[in-house]
Amino acid sequence: MFQSLKKIFGGTGHALGDDLSYDDAFDALESQAKRSRIELAERPDTPPEMLYFLATDEKADIRQRVARNVSTPMQANELLVEDPADEVRGELARKIARLLPDMQTTERDVIRERAISMLQRLADDKIASVRAALSDTLKDSDLIPRSLAQKLAKDGSKIVCLPVLEYSPLLSDDDLIEVIAGSTAEGAIEKIARRENVSTNVSEAVAASLDVAAIAALLVNSNAQMREETLDKIIDQAETVDGLHQPLV
Numbered sequence: 184m185f186q187s188l189k190k191i192f193g194g195t196g197h198a199l200g201d202d203l204s205y206d207d208a209f210d211a212l213e214s215q216a217k218r219s220r221i222e223l224a225e226r227p228d229t230p231p232e233m234l235y236f237l238a239t240d241e242k243a244d245i246r247q248r249v250a251r252n253v254s255t256p257m258q259a260n261e262l263l264v265e266d267p268a269d270e271v272r273g274e275l276a277r278k279i280a281r282l283l284p285d286m287q288t289t290e291r292d293v294i295r296e297r298a299i300s301m302l303q304r305l306a307d308d309k310i311a312s313v314r315a316a317l318s319d320t321l322k323d324s325d326l327i328p329r330s331l332a333q334k335l336a337k338d339g340s341k342i343v344c345l346p347v348l349e350y351s352p353l354l355s356d357d358d359l360i361e362v363i364a365g366s367t368a369e370g371a372i373e374k375i376a377r378r379e380n381v382s383t384n385v386s387e388a389v390a391a392s393l394d395v396a397a398i399a400a401l402l403v404n405s406n407a408q409m410r411e412e413t414l415d416k417i418i419d420q421a422e423t424v425d426g427l428h429q430p431l432v
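Residue 184 is where the sequence shown starts when you use the numbering used here, and the numbers rise one by one after that.
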């Protein structure tokens, strides 16, 4: 047993030696030494089938490392979409979203489709923090389906919808106006008012919302386009709303 452990740990203070052989990796799996399993879960040169095996490890922190590992095979990633631990699914959401730009070449169409499918499933996750991990990573992406951006923008949780509402280039004026009319997420309209480009129609909808923080943000946004009539309405509102006095100056 001592010799086996010595072989696995390499006598160096690292769980595994610098040059990972297939036999060493397999021995580490069989040993059930958690320190070795952790390193295997993290290493980019761990064989794919072993990462798949570790994706079902009983320890959530090991599965989380597998979810973070860019070398984890697609089959294991798809398995982790349904992981019982929120932090594992959140880590997976961040990784798949980050890797999406590298999946744009024609020969990787099938891989990209599978990745998009996982992102769509994670966007429906019951835990807001998992959906938020996805939203924050994809907030300014133009590589995802527009329907996915719309779903995240209309999410009822503000930690999910706010980043996309402020930054997504995929949302149309109609999408934004629909959110302004119906969103109950605190700060949603204000984030729309802060967007890099705000059209006259969206500005009018913000002004009509009577959301003081959003209107104030609109007034100081140099990239917001506004009709004269819209500004006149805001000035009329400001007569009885102190919070609009300073932004109008």
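Each residue gets a CB set at the ideal place from its N, CA and C atoms; glycine is no exception.
Residue of Ser330, Arg378, Leu305, Val343 minimising C-alpha distance to alanine 368 | For alanine 368, the closest of Ser330, Arg378, Leu305, Val343 by C-alpha to C-alpha distance is Val343.
Indicate the three-state DSSP secondary structure (helix, strand or coil) for valine 381 in the structure shown.
-> Under the three-state reduction of DSSP output, valine 381 falls in the strand class.
When the distance is taken between beta carbons, is glutamate 222 closer than 8 Å to glutamine 247?
-> No, Cβ-Cβ distance for glutamine 247 and glutamate 222 is not below 8 Å.
Integer Cβ distance of glycine 370 from lysine 341, believed to fall under 8 Å = The beta carbons of glycine 370 and lysine 341 sit about 6 Å from each other, so the pair counts as a contact at 8 Å.
Return helix, strand or coil for alanine 368, following the three-state DSSP convention.
-> DSSP, read as helix, strand or coil, puts alanine 368 in coil.
Residues that DSSP places opposite alanine 407 in a beta bridge | Looking at the DSSP assignment, alanine 407 forms a beta bridge with Val381.
Report buried or exposed for threonine 413, applying the criterion of at least 16 other Cβ atoms within 10 angstroms of its Cβ.
-> With 16 or more other Cβ atoms from the protein chains shown falling within 10 Å of its own Cβ, threonine 413 counts as buried.
When the Cα atoms are used, what is the spatial distance from proline 227 to glutamine 303?
-> Approximately 26 Å, taken between the alpha carbons.
Residue span of the alpha helix (DSSP H) that contains leucine 353, given as start and end = Run containing leucine 353: none; DSSP gives neither H nor E here.
8 Å Cβ cutoff met for valine 249 and alanine 238 = Yes, the Cβ-Cβ distance between valine 249 and alanine 238 is below 8 Å.
Straight-line Cα distance separating aspartate 358 from serine 351 = Straight-line Cα distance between these residues: approximately 11 Å.
State the start and end residues of the unbroken alpha helix (DSSP H) segment that holds arginine 218.
-> Residues 217 to 225.
8 Å Cβ shell around aspartate 415 - same chain, five flanking residues per side excluded = Here the set comprises nothing.
State yes or no: is the C-beta of aspartate 323 within less than 8 Å of the C-beta of arginine 314?
-> Cβ distance not < 8 Å, so aspartate 323 and arginine 314 don't count as in contact.
Taking the C-alpha atoms as reference points, what is the distance between arginine 295 and alanine 390?
-> One C-alpha to the other measures close to 40 Å.
Could you check the C-alpha separation between glutamine 420 and asparagine 380 for me, to the nearest Å?
-> Approximately 24 Å between the Cα atoms of the pair.
Tell me which same chain residues have a C-beta within less than 7 Å of the C-beta of alanine 316, skipping the five on either side of it?
-> The beta carbon of alanine 316 lies closer than 7 Å to those of Gly273, Ala276, Arg277 in the same chain, with the five residues before and after it left out.
How many Å lie between methionine 409 and threonine 383 at the Cα?
-> About 5 Å.
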